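Read top to bottom, the protein sequences are chains Z and D.
Count along the first sequence from 1, add 1384, and you get the number used in this note's numbering.
Count along the second sequence from 1, add 1384, and you get the number used in this note's numbering.
No residue lacks a Cβ here, since even glycine has one placed at the ideal position from N, Cα and C.
Quick caveat, the model's predicted, so the values are computed rather than measured.
Worksheet: one structure, shown below.
Number of protein chains: 2
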Amino acid sequence: MSNPIKSSPVNPDSPLTYKVVFQPSGRSGRVKAGISLLDAARNLGVGIESICGGAGTCGKCQVIIEEGRFSKHDLNSSPAHASPPSEDEQAICSKRGLTAGVRLSCMAYVQGDLLVTVPEEAQANRQIVRKAATERVIPVDPIIRMVLLTIDPPVLGDRSDQERILELLESRFGLSGAAFELSALKALPAALREGQGEISLTIWNDQVVIRVQPGLHDSPLGLAVDIGSTSLAAYLCDLHTGALLATASAMNPQVTYGDDIMSRISYSVEIPNGRERLHRAVIHAISELGAQAAAQVNAVADDIVDCVLVGNSVMHHLALGLDPAQLGHLPFAPVAGGPVDVAARDLGLKFNPGARVHVLPLEAGYVGADNVGVILAEEPHKQDEIVLIVDVGTNGEILLGNRERLLCTSSPTGPAFEGAQITHGMRAAPGAIERVRIDPHTMEVNIKVIGQEPWSRELPDEQVQARGICGSGILEAVAELFVAGLVLPSGKFNPKLNHPRLIRGPKGQPAFVLATAEQSATGSPILLTQGDVRSVQLAKAALYVGAQLLMKERGVQQVDRIALAGAFGSLIDRQRAMIIGMIPDCPLDRVTAVGNAAGDGARIALLNKSRRVEAAQVARWTEHITSPLETEFQEQFVAAIPFPHASHPFPNVRRMIAERLDAAKAGEPYSKGEAENDK
Amino acid sequence: MSNPIKSSPVNPDSPLTYKVVFQPSGRSGRVKAGISLLDAARNLGVGIESICGGAGTCGKCQVIIEEGRFSKHDLNSSPAHASPPSEDEQAICSKRGLTAGVRLSCMAYVQGDLLVTVPEEAQANRQIVRKAATERVIPVDPIIRMVLLTIDPPVLGDRSDQERILELLESRFGLSGAAFELSALKALPAALREGQGEISLTIWNDQVVIRVQPGLHDSPLGLAVDIGSTSLAAYLCDLHTGALLATASAMNPQVTYGDDIMSRISYSVEIPNGRERLHRAVIHAISELGAQAAAQVNAVADDIVDCVLVGNSVMHHLALGLDPAQLGHLPFAPVAGGPVDVAARDLGLKFNPGARVHVLPLEAGYVGADNVGVILAEEPHKQDEIVLIVDVGTNGEILLGNRERLLCTSSPTGPAFEGAQITHGMRAAPGAIERVRIDPHTMEVNIKVIGQEPWSRELPDEQVQARGICGSGILEAVAELFVAGLVLPSGKFNPKLNHPRLIRGPKGQPAFVLATAEQSATGSPILLTQGDVRSVQLAKAALYVGAQLLMKERGVQQVDRIALAGAFGSLIDRQRAMIIGMIPDCPLDRVTAVGNAAGDGARIALLNKSRRVEAAQVARWTEHITSPLETEFQEQFVAAIPFPHASHPFPNVRRMIAERLDAAKAGEPYSKGEAENDK
């Protein structure tokens, strides 16, 4: 058999021990003379990277050695405190292009006291940091592992390549009962030939060899995908380092078949092959996103070996090809709500033929795997504070609670905040107005367009090149129009104001010009119509009522913290979200925009297998609260449609509006809060 | 949750015990008053069928109850010794159409001494009997199990259907960590609807729900397939009873691309897409055989949920789509030699979308999974006698040994014995001459054609309707020609004989008329040419040399027993196989024809999961002996080409030939040995 574990040049039965200190962890202890530094590190609980199982072939377990003087034995020890580099070690260091002076810990044996530095790239316990409401550290421990093996050419009487590899996986890596994916088995002979016996195996869950590649490979790619009703967001990660390598987004192509989840269900149920068509459309789009993201790092979709999907319950069912009919009527029972593991090829995804897909569980009928992603990212179930998490999407999902009790509900927000069903709405792409400021005194309009660093007033009009308005821009435009008095608390444009930008839109309805024809890339002005303002009102009212429902059930009058999540292009403007009354009144410094928490949660599950288990548990533990009776809901909903005004108990909102007006009066373009928010 | 386990009408804490005797097993013992007969049976180790886990819904656990008088408590017990049938029980008995008076053991509770008869259809420990060399009993314990569940319609707040089912599988059947195949999940809502909540699950290896059907189903179908180089044989089994339901066979369509394994390897390696083409051809043919076999029992290929494949190493690799190139040259190392489990759909098989395939392991380079099947069927590794097993096929495989040491080798027999490369050869199908007798004195020829019960001399010529000659017929024809002196020991037609049937064939070579133009369905005579005789000589010499090789290695001069296996249409004629020198000399009563042992072994692995484990072990344990050096082999091979004659040490063959001649002289159409062999 190839690669016998190299034995020490020092007698392994020697009674001598030496002190070894590992940096930067600072762990230290006495180890037997003659053992390898890799074994010493393992004995002392120091993680050093090695994908060849200490066989001396991968060159990953590099360390920098300094001699130490910690032991009394030290005077008796051999002249060097570590064995000198063997020819084999020098050959591997040269083959892998390692820096001179670096040692391989599997081939350096302890012969005296040692101070050993493990460089960052060789440290096995990697982690990523999620920077959101609170900084969270996520250990990188994916369900995928890589293994490097060197297999000697067969001789007469040898077992098959498959058997010899499985034996090595058991003897050297402790992986018993592993098996090959058929596609990996098919690729095996060519990989052995091309790699001259050296092959890298991609192994799923310590059980299945899903890919075989010639030579050394140690950066498997994974894709986390948030399937929104309107938009898809994909995150390509290096499963070894945990690094986010690329992102890609697209409209959900199912939009062609219906704007919201109810219309998707109808299409799926009523149109022949409707379900299959919706399934294939989203799967095709996810494959495309994977290919696009991979192309950004000079890789191909075939390199994607693991994938995590999240989405609301209907998106979840359609992505899996499951009948969503039951989700369309009481009691909204999903076909599958627990986690699902499936081969990517069985979904029709064009990733590696051996690639796996993990679909996070659902919480309940309408509270989907995307919301489980939000929980993974925001961890309300681990906190003392009562947090309200509003995930803004076409199907809004809301969480409220803490480690004691966590409630969830869903809210049919509609696609306004994703730029759909809005006159000049578009998704967050170059040309989209993403930020809007209207001076309440001068009424000057200042916009920021995706793809342009400066705001419009710093640019000649013809350079603004606005093409439409995306979700975050729509929210800001409505809030600014309201603060400026151009829109009344009822949502109507103020008929008493005579502003040059207040015009009649294409269908004769009142509209506001956000970008003039000169600022527009289309030659026509970009408008926000009365109907658009109404869409925003309906959306924000739905979210507000959902939050109220949970607060009532949880018996709280106010919350300690609010997190605003959503797959917007840019972060949602928390101040303006409060001004329009999307969320309950709360001190602004207790409101955080956390970006696409669902997508972040998918990424966390992609990078850490134990978080998948946690997701399944917390999904079952979270309580789903359904909306109250039709009439009661209707009353609350209607009451939530106007914007917060004097007759509403919104002290924080009133203060923010006052500050905004004062700042404008003083000639400052932004209030203090805004400036901070814009960071 | 539906179907709570029915509780006993008797106080379960009662200290009373009663004696219960189960027939026909005769097992008996005392059980607590009030427990169900199903639980009583389990406590006493009596297997009673139940696929609903004792929920009282499947109606499988039927028993016949007679009161007993075994206990002194009996006088004090309630008037009836078993609880009377409840309304629920009566309803199920009626729904499942059970005989009146039959009780369901899960709903009949012990209230006194009882004598319980378990009818055959309710006995859980089923077995099949293989009637071959020795009768062997194979317990039916497939990797597939069926479970019947009744799921209540969901109510608000219920978990998903998937989760509720997985919970029931864990709580009622002890199957923890099970998961759904995606195709089963897709079928779930419709099955629940159609079955009004009652569904049957097909579960693979207690782990994966691979199929969901509405209502009660308990006879899953499995297909065992022997993939020969020339012919395919498929066996459709009821995985519940173990019964062989149907068989189907076909030519291996790969024959178009090359007659033997070497030419298949060449095609695969040299022709673009060659490997894929060979793979698809055989997979398509196996799908067809599955559909044909299923149609014979009014089922469809979609009902096939498990499949076991065997074949020689090259057939094995091509069926899996693996590159067979390495099998074409030293050291003949297979890509995959261990057992392979794969989804049928991943091979392209058109069975149930959730169906599984198990491929038996290989023994070595050229000794394939078919030979592992032969071991499973013949069990040489469990015997004291030294047995020689010759599996006659295009790639012949030979086993020799016993429980101490088992050797194997392969032998390039060529396709003669499968009717290929023979002038009028055909596979064993209606019209094929399968038996041949030539009176050595009168030289009268008597043939038997598949599809006709009588021999030819009992029929008017025009009713014989011969179309060609299959493998068993070819072997007999050559042996008979030799015994009759029409063919010399060298294999040449005897030039000194002037027989009206000895003619010149189409290419001018000597030929013998087996069926006259009148007896032929084609209008032309069916011939056996000099070349055909030579093909048989080469084939039998290859097998003989292989057997000699193993005997030399094992250090034995003779064997205790010989088993002749092969996928012939009818059993191979052991006497004539000895006469032509295909096998070493041996008393005829120690030679047995065992039919398609490889196919039988596949069937055994299909019906019993532990035999799959045994197959993997014995495949590793069997020693592969490779042919000796080219020149030595060549010498032995050339020496084995003539038929056994005076100068050869074949006492048994000489006796058989003498008997055959004596019998013919006495006017008996068959010798004693033949008559026995023909049974």
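Cβ-Cβ distance between residue i and residue j below 8 Å
i: Ala1868 (chain Z); j: Ile1831 (chain Z); result: no
i: Gly1815 (chain Z); j: Gln1849 (chain Z); result: yes
i: Pro1745 (chain D); j: Ala2000 (chain D); result: yes
i: Gly1752 (chain D); j: Ser1613 (chain D); result: no
i: Ala1563 (chain D); j: Asp1725 (chain Z); result: yes
i: Gly2086 (chain Z); j: Leu1550 (chain D); result: Within the shown structure, residues of chain Z are numbered from 1385 to 2063, placing residue 2086 (chain Z) beyond reach of any answer.
i: Gly1581 (chain D); j: Pro1538 (chain D); result: no
i: Val1943 (chain D); j: Leu1772 (chain D); result: yes
Outcome for residue i when other beta-carbon atoms lying within 10 angstroms are tallied against a minimum of 16
i: Trp2005 (chain Z); result: exposed
i: Lys1444 (chain D); result: buried
i: Pro1526 (chain Z); result: buried
i: Thr1797 (chain Z); result: buried
i: Lys1924 (chain Z); result: buried
i: Glu1860 (chain D); result: buried
i: Phe2017 (chain Z); result: exposed
i: Ala2042 (chain D); result: exposed
i: Gly1541 (chain D); result: exposed
i: Arg1787 (chain Z); result: exposed
i: Leu1459 (chain Z); result: Because Leu1459 (chain Z) sits at a pLDDT of 47, beneath the cut-off of 50, its placement in the model cannot be relied upon, and the point is left open.
Selection from the options that minimises the alpha carbon distance to residue i
i: Ile1611 (chain Z); options: Z:Leu1662, Z:Leu1576 and Z:Leu1623; result: Z:Leu1662
i: Leu1783 (chain Z); options: Z:Met1491, Z:Arg2038 and Z:Ala1947; result: Z:Ala1947
i: Ala1982 (chain D); options: D:Asn1779, D:Leu1706 and D:Phe1716; result: D:Asn1779
i: Leu1576 (chain Z); options: Z:Pro1604, Z:Val1415 and Z:Leu1532; result: Z:Leu1532
i: Ile1449 (chain D); options: D:Ala1761, D:Ala1492, D:Ala1685 and D:Val1820; result: D:Ala1492
i: Gly1993 (chain D); options: D:Trp1588, D:Ile1583, D:Arg1811 and D:Glu1505; result: Note that residue 1993 (chain D) is Lys in the sequence shown here, rather than Gly. Looking at the Cα atoms, D:Trp1588 is the closest of the given residues.
i: Ala1508 (chain Z); options: Z:Val1430, Z:Gly1438 and Z:Asp1542; result: Z:Val1430
i: Met1699 (chain D); options: D:Met1646, D:Pro1715 and D:Leu1733; result: D:Met1646
i: Asp1472 (chain Z); options: Z:Cys1442, Z:Leu1499, Z:His1465 and Z:Arg1938; result: Z:Cys1442
i: Leu1881 (chain Z); options: Z:Phe1866, Z:Pro1890 and Z:Cys1477; result: Z:Phe1866
i: Gly1496 (chain D); options: D:Glu1578, D:Pro1399 and D:Glu2007; result: D:Pro1399
i: Glu1747 (chain Z); options: D:Met2040, D:Arg1543 and D:Ala1961; result: D:Arg1543
i: Glu1769 (chain Z); options: Z:Val1940, Z:Glu1565, Z:Gly1732 and Z:Ala2048; result: Z:Val1940
i: Phe2034 (chain Z); options: Z:Leu1628, Z:Phe1557, Z:Arg1888 and Z:Met1962; result: Z:Met1962
i: Ile1967 (chain D); options: D:Pro1604, D:Arg1996 and D:Ala1931; result: D:Ala1931
i: Pro1604 (chain Z); options: Z:Thr1793, Z:Ala1617, Z:Leu1629 and Z:Ser1615; result: Z:Leu1629
Residues near residue i by beta carbon distance below 8 Å, same chain, minus five either side
i: Ile1858 (chain D); result: Ala1800, Phe1801, Gly1803, Ile1806, Gly1809, Leu1912, Asp1916 and Val1920
i: Pro1573 (chain D); result: Asp1545
Neighbourhood of residue i by C-beta, 6 Å cutoff - its chain only, sequence neighbours within 5 removed
i: Ser1489 (chain Z); result: Leu1421, Leu1422, Ile1432, Cys1445 and Val1447
i: Thr1900 (chain Z); result: Pro1909
i: Ala1675 (chain D); result: Ala1685
i: Val2002 (chain Z); result: Ile1759 and His1765
i: Gly1738 (chain D); result: Glu1565, Ser1567, Ala1568, Ile1594 and Arg1595
i: Cys1436 (chain D); result: Cys1442 and Leu1532
Own chain residues within Cβ distance below 7 Å of residue i, not counting five before or after
i: Arg1510 (chain D); result: Val1524, Thr1625 and Gly1626
i: Pro2026 (chain D); result: Pro1873, Ser1874 and Gly1875
i: Asn1878 (chain Z); result: Gly1869, Leu1870, Val1871 and Leu1872
i: Arg1885 (chain D); result: Val1829, Phe1896 and Val1897
i: His1825 (chain D); result: Ala2048 and Lys2049
(request) Identify every run of the beta strand (DSSP E) within the segment 1497 to 1526 of chain Z, keeping only runs that are complete inside it and at least 3 residues long; order them along the chain. (result) Listed in chain order, they are 1498 to 1501, 1511 to 1515 and 1519 to 1523.
(request) Please go through the segment 1546 to 1624 of chain D and give each complete beta strand (DSSP E) segment of 3 or more residues, from N-terminal end onward. (result) 1582 to 1588, 1592 to 1598, 1605 to 1611 and 1615 to 1622
(request) Report the residue ranges of all alpha helix (DSSP H) runs contained in full by the segment 1720 to 1807 of chain D; include only those spanning at least 4 residues, in chain order. (result) 1728 to 1731 and 1753 to 1762
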